[in-house]
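Chemist: Handing you this structure, nothing more for now.
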Amino acid sequence: AVRSSATAEDGVVSSFAGQQETFLGVEGVEALLRAIEACWASLQGERAVAYRRAQGIEERGLAMAVVVQRLVAAEMAGVLFTRDPLSPEPHMLVEASWGLGESVVGGHVVPDRFTLDRATGGLLDHRRGTKTVERIGTEQRPVPAERRAMLCLSEPQLRDLAALGRAIEDHFAAPRDVEWAWAEGRFWMLQARPITATGAAEREQVRQEEIDALRQRAHPRGTVWARFNLSEILPEPTPLTWAIVSRRLMSGTGGFGQMYRDLGFEPSPTLDAEGVFDLVCGRPYCNLTREPLLHHARLPLAHAFAELKADPRRALYPTPRLDWWAAPWSFWLVGWLDLWSLGRASNRQRALLPHFAARFREELALPFVADLRAMPEPSTLADDALLPALEATIERTLVRFARESLKPTALAALALATLEDELANVMPREVAIALARELTMGARLDPETDLPGALRDLAAGRLTRGAFLVQFGHRGSQEMELSRPRWNEDASALDGLRPGAEPAVPSIEARLAACTHLTPEQRPLLLPAIRTVHEYLALRETAKHLLMLGMARIRAILLELDRRRGLHGGIFYLVPEELPRLLAGEDLGATIAQRRRRRALALGLECPEVLFSDDLEAIGRPLPPPTGNGGGEVLEGVPLSGGIAEAVALVLEHPEGVTPPGEGYILVCPSTDPAWVPLFVQARGLVMETGGVLSHGAIVAREFGLPAVAGIAGATRRLRTGDRLRIDGTRGLVSRIETAS
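Letter by letter, the sequence shown follows residues -19 to 721 of our numbering.
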């Protein structure tokens, strides 16, 4: 046996199992020398390098030794965990199969599994495996039928193996993952290393930490956390991204809070540091106790806990209301002034509508782009200039520019509500809302920021990839996440583009002319309101496009710092206050590894979209299974874009590396960002787990003329690729007509 023994192997966090080469059954001097050379060289193999980068392991000081051992001619072999990583109980776990252990560790068989009492080695449970092949020397051969169903180990053997495990654990004073073999009538211990697989106890510890943190944040009268808004564009932030976005963009003193002040609101000072979002199991949730404080520090605005508990779906798109019972005595003395300030905020926003779009394009956008272009390239900066450059870019982008670039979204919402109100004067409100959304389809985006149009041109060959990347290379998948590459770093997501039918979106006048709910005299009166909505929907996309220029610059500075310290992406697991220590030469590798591991554990916990402070044990509780096994299942969500379509489902968790089918489909996904847009070209409809009327997916769907529905919890679990769906974007219904075969 010729085996690797590298300096980074078999650690508490990273095992490197299978990442470097092992050769079994080597015979003869020449074969032995070749195996040693190949094993040695595997330290720099593509697989090992990729693994180290993913684990954030420092490249400096790496070295490889090669171990040459007599190969134990195992009759059966396997692994022993002295602490079962799958159970919270302190049991041992054994897996075994015939022949050499490579069949078990390489996943070639379903081994026998035994659960043992730690103290006695007594058999607590077992599951017979399917042991179809065995490795003997250099040969892999089928296991005879009569031995496939036979358990490899007897109870006396299991007790002996448990005793060996206890001795090994006592020696190292910690649980161990042991590779063993049975040969010549006894057990041989081949290798013992720390258990790096996530244990049930460790998962439970993280779960309790998450619950305890939320319990401390809960209001005595109850708090509701809901996954919406920010979670659509930043679903699973890394620690550095979350620290920067939550403190500098979404806080009361960040761009988001500053925008609210500009619009006439008076956010509470308690939001200055933390904003209204909490990180729950690695995912942003809006804290509906703090969210009303964005509007005013003193007004008794609140979300009704009991009402949301009775219908949790309402928490995904909530509106706070005045709660007179929660008002302090001082409110009854001077509260009328605070109520007046809400009206002032509404008037201030309406005053912005006629002129803000022009001001943004002429006075705000151009200076921001000029400032970014004037900044030196990060690669030209000295070490001590990187952090000042980072701070200046964050301040310019996420505070000063975001303060303005977020306003088009708020003003688009106001313009849409105004249009709905005008229509509701002459028809039922439900009809008015549906008609308003239909009339706002097809907003023409600014040509220089029209990403969907550029993707169509790229797919049709009207635009070269080089020209596309010049204009849109700073965009990409999950572009609010600073650790994610942009298209000008990795353009592979554009490889599967194929031309589709050009969207035929009628003009506003044509839509009005076809509207039977309006008289000929009423139709032209609505044109100004409709055009205002279109203008701000387009401006919203322009503002986001420019904001992403700043985010790309922030990422570039962080990547340069990451490169100089050889972290291979590990910098995104630090927080801003640790970056000076990194520059000073401190080794933060252990911190990075620990945060990677904890984040993975947290994201592995199931968590409902709406969480209530009186049921925090819902964290980690399995979500309800999908309902309905055949056709006829109807899922109700939030209507985003009107129309009806029928097609097979294409269910995806992420867009990377996907080649869409040739015929039309209904795209089902968690939420969307620009990386999903190539998949819109062939789509006939859109279903998202999260998303609002002004979300990226909704806007692009309306531009493409696609019916769209959001708010379908667990859609990517409940629906399967190949299911035939019927989507009603007007009523927000998704019907599964037939299931995939």
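A virtual CB, placed ideally from N, CA and C, is assigned to each residue, including glycine.
Who are the near neighbours of A142 in its chain, counting only those whose CB is closer than 6 Å to its CB and skipping five residues on each side?
Modeler: Your numbering for residue 142 matches position 162 in the sequence shown. Taken in chain order, the residues that qualify are M72, L96 and G101.
Chemist: Which of the three DSSP states, helix, strand or coil, is assigned to H283?
Modeler: Position 303 of the sequence shown, counted from the first residue, corresponds to residue 283. Correct three-state label for H283: coil.
Chemist: Can you give me the start and stop residues for the alpha helix (DSSP H) that D351 sits inside?
Modeler: Position 371 of the sequence shown, counted from the start, is the residue given in the question as residue 351. L346 to A354 is the span of the alpha helix (DSSP H), which, as asked, contains D351.
Chemist: Would you kindly check if the distance between the Cβ of W162 and the Cβ of E55 is under 7 Å?
Modeler: As a position in the sequence shown, residue 55 is number 75, starting the count at 1. As a position in the sequence shown, residue 162 is number 182, starting the count at 1. Their beta carbons are under 7 Å apart, which means E55 touches W162 by this criterion.
Chemist: Given a threshold of 16 other Cβ atoms within 10 Å of its Cβ, counted over all protein chains shown, does A153 qualify as buried or as exposed?
Modeler: In the sequence shown, counting from the first residue as 1, residue 153 sits at position 173. It counts as exposed.
Chemist: Give me, in chain order, the residues of the same chain whose beta-carbon lies closer than 6 Å to that of A627; leave out the 5 immediate sequence neighbours on both sides.
Modeler: As a first step, residue 627 must be located in the sequence shown, where it is residue number 647. Excluding residues within five positions, the ones whose Cβ falls inside 6 Å are G644, Y645, I646 and R664.
Chemist: Return helix, strand or coil for G58, following the three-state DSSP convention.
Modeler: By 1-based counting over the sequence shown, the position of residue 58 is 78. Looking at G58 - three-state DSSP - the assignment turns out to be strand.
Chemist: Which of the three DSSP states is assigned to P635 in this structure?
Modeler: Taking the first residue of the sequence shown as position 1, residue 635 is located at position 655. Coil, per DSSP.
Chemist: What does the alpha-carbon distance come out to for the pair L403 and F684?
Modeler: Translated into positions along the sequence shown, residue 403 becomes position 423. Translated into positions along the sequence shown, residue 684 becomes position 704. Approximately 24 Å between the Cα atoms of the pair.
Chemist: Below 8 Å, can you find three or more Cβ-Cβ pairs linking the segment 398 to 415 to the segment 360 to 373?
Modeler: The segment 398 to 415 is not in contact with the segment 360 to 373.
Chemist: Whole angstroms is fine: what's the gap from D542's alpha carbon to W656's?
Modeler: Your numbering for residue 542 matches position 562 in the sequence shown. Your numbering for residue 656 matches position 676 in the sequence shown. Approximately 28 Å, taken between the alpha carbons.
Chemist: Classify Q49: buried if its beta carbon has 16 or more other beta carbons within 10 angstroms, exposed otherwise.
Modeler: As a working mapping, residue 49 is identified with position 69 in the sequence shown. Counting Cβ neighbours within 10 Å, Q49 comes out exposed, since fewer than 16 surround it.
Chemist: Grab the span of the beta strand (DSSP E) containing A451 for me, first residue to last.
Modeler: Residue numbering aside, residue 451 sits at position 471 when the sequence shown is read from its first letter. Going by the sequence as given, residue 451 is Gln instead of Ala. Q451 -> not in any beta strand (DSSP E); alpha helix (DSSP H) instead, spanning R445 to F452.
Chemist: If distances are taken between C-alpha atoms only, which option among D303, Q238 and F285 comes closest to L274?
Modeler: Taking the sequence shown and counting its residues from 1, one reaches residue 274 at position 294. Of D303, Q238 and F285, the residue nearest in Cα terms is Q238.
Chemist: Name the residue from G456, S721 and E126 whose alpha carbon lies nearest to the alpha carbon of E469.
Modeler: Numbered from its first residue, the sequence shown carries residue 469 at position 489. Checked all of G456, S721 and E126; the closest Cα to E469 is G456.
Chemist: Just list the residues that DSSP pairs F257 with in beta bridges.
Modeler: Working through the sequence shown from its first residue, we reach residue 257 at position 277. Bridge partners of F257: C266.
Chemist: Given that a residue counts as buried once 16 or more other Cβ atoms are within 10 Å of its Cβ, and exposed if not, what is P358?
Modeler: If you number the sequence shown from 1, residue 358 lands on position 378. With 16 or more Cβ atoms within 10 Å of its Cβ, P358 is classed as buried.
Chemist: Between the segment 580 to 589 and the segment 246 to 266, do three or more beta carbon pairs fall short of 8 Å?
Modeler: Yes: the two stretches touch, three or more of their Cβ pairs being nearer than 8 Å.
Chemist: Note down, in chain order, each residue of its chain lying with its Cβ closer than 6 Å to the Cβ of L787, except the 5 sequence neighbours on either side.
Modeler: Past the edges of the chain, shown from -19 to 721, lies residue 787, and the structure says nothing about it.
Chemist: Candidates G58, R121, A125 and M230: which alpha carbon is nearest A172's?
Modeler: Taking the first residue of the sequence shown as position 1, residue 172 is located at position 192. That would be G58, whose Cα lies nearest to the Cα of A172.
Chemist: Pick from R63, V225, A423 and V648: whose alpha carbon is nearest that of I534?
Modeler: Taking the sequence shown and counting its residues from 1, the one referred to as residue 534 is at position 554. I534 has its Cα closest to that of V225, out of R63, V225, A423 and V648.
Chemist: Look up T499 in the DSSP assignment and say whether it is helix, strand or coil.
Modeler: The sequence position of residue 499 within the sequence shown is 519, counting from 1. The answer is coil: DSSP assigns T499 none of H, G, I, E or B.
Chemist: Roughly how many angstroms separate the alpha carbons of V485 and G709, rounded to a whole number?
Modeler: Here residue 485 refers to the residue found at position 505 of the sequence shown. Here residue 709 refers to the residue found at position 729 of the sequence shown. Rounded to the nearest angstrom, the two C-alpha atoms are 16 Å apart.
Chemist: Can you give the Cα-Cα distance for H525 and M44, rounded to whole angstroms?
Modeler: As a working mapping, residue 525 is identified with position 545 in the sequence shown. As a working mapping, residue 44 is identified with position 64 in the sequence shown. For H525 and M44, the distance between alpha carbons rounds to 47 Å.
Chemist: Straight-line CA distance for A412 to A282?
Modeler: Locating residue 412 in the sequence shown gives position 432, counting from the first residue. Locating residue 282 in the sequence shown gives position 302, counting from the first residue. Answer to the nearest angstrom: the Cα atoms are 28 Å apart.
Chemist: Can you give me the C-alpha to C-alpha distance between I717 and P215, rounded to a whole angstrom?
Modeler: By 1-based counting over the sequence shown, the position of residue 717 is 737. By 1-based counting over the sequence shown, the position of residue 215 is 235. About 30 Å.
Chemist: Which whole-angstrom value is the C-beta distance of R93 and G117, which I expect to be below 8 Å?
Modeler: For the purposes of this step, residue 93 is taken as the residue at position 113 of the sequence shown. For the purposes of this step, residue 117 is taken as the residue at position 137 of the sequence shown. Wrong, their Cβ atoms sit about 26 Å apart, outside the cutoff.
Chemist: CB-CB under 6 Å to V6, same chain, minus the five flanking residues each way: which ones, in chain order?
Modeler: If you number the sequence shown from 1, residue 6 lands on position 26. Result list for V6: V(-18), L12 and A15, in chain order.
Chemist: Using the rule of at least 16 other Cβ atoms within 10 Å of the residue's Cβ for burial, across every protein chain shown, is D567 buried or exposed?
Modeler: Residue numbering aside, residue 567 sits at position 587 when the sequence shown is read from its first letter. Classification for D567: exposed.
Chemist: Would M528 and H454 be called neighbours here (beta carbons separated by less than 7 Å)?
Modeler: As a position in the sequence shown, residue 528 is number 548, starting the count at 1. As a position in the sequence shown, residue 454 is number 474, starting the count at 1. Cβ atoms of M528 and H454: closer than 7 Å.
Chemist: Put H275 into one of helix, strand or coil per three-state DSSP.
Modeler: Numbered from its first residue, the sequence shown carries residue 275 at position 295. H275 falls in the coil class under three-state DSSP.
Chemist: Between which two residues does the alpha helix (DSSP H) holding C19 run?
Modeler: What you label residue 19 is simply residue 39 of the sequence shown in a count that begins at 1. Start and end: V9 to A21.
Chemist: How long is the line joining the alpha carbons of A149 and V158, rounded to whole angstroms?
Modeler: Here residue 149 refers to the residue found at position 169 of the sequence shown. Here residue 158 refers to the residue found at position 178 of the sequence shown. A quick correction: the sequence has Glu, not Ala, at residue 149. Spanning the two alpha carbons is a distance of roughly 10 Å.
Chemist: Near E616, which residues of its chain fall below 7 Å by C-beta distance, leaving aside the five closest residues on each side in sequence?
Modeler: Stepping through the sequence shown from its first residue, residue 616 is reached at position 636. The answer, listed in chain order, is G712 and L713.
Chemist: Taking DSSP as the reference, what is the three-state secondary structure of T420?
Modeler: Counted from its first residue, the sequence shown places residue 420 at position 440. T420: coil per DSSP, three-state reduction.
Chemist: Are A523 and P432 touching if we call contact CB-CB under 7 Å?
Modeler: For the purposes of this step, residue 523 is taken as residue 543 along the sequence shown, with counting starting at 1. For the purposes of this step, residue 432 is taken as residue 452 along the sequence shown, with counting starting at 1. Going by C-beta atoms, A523 is not nearer than 7 Å to P432.
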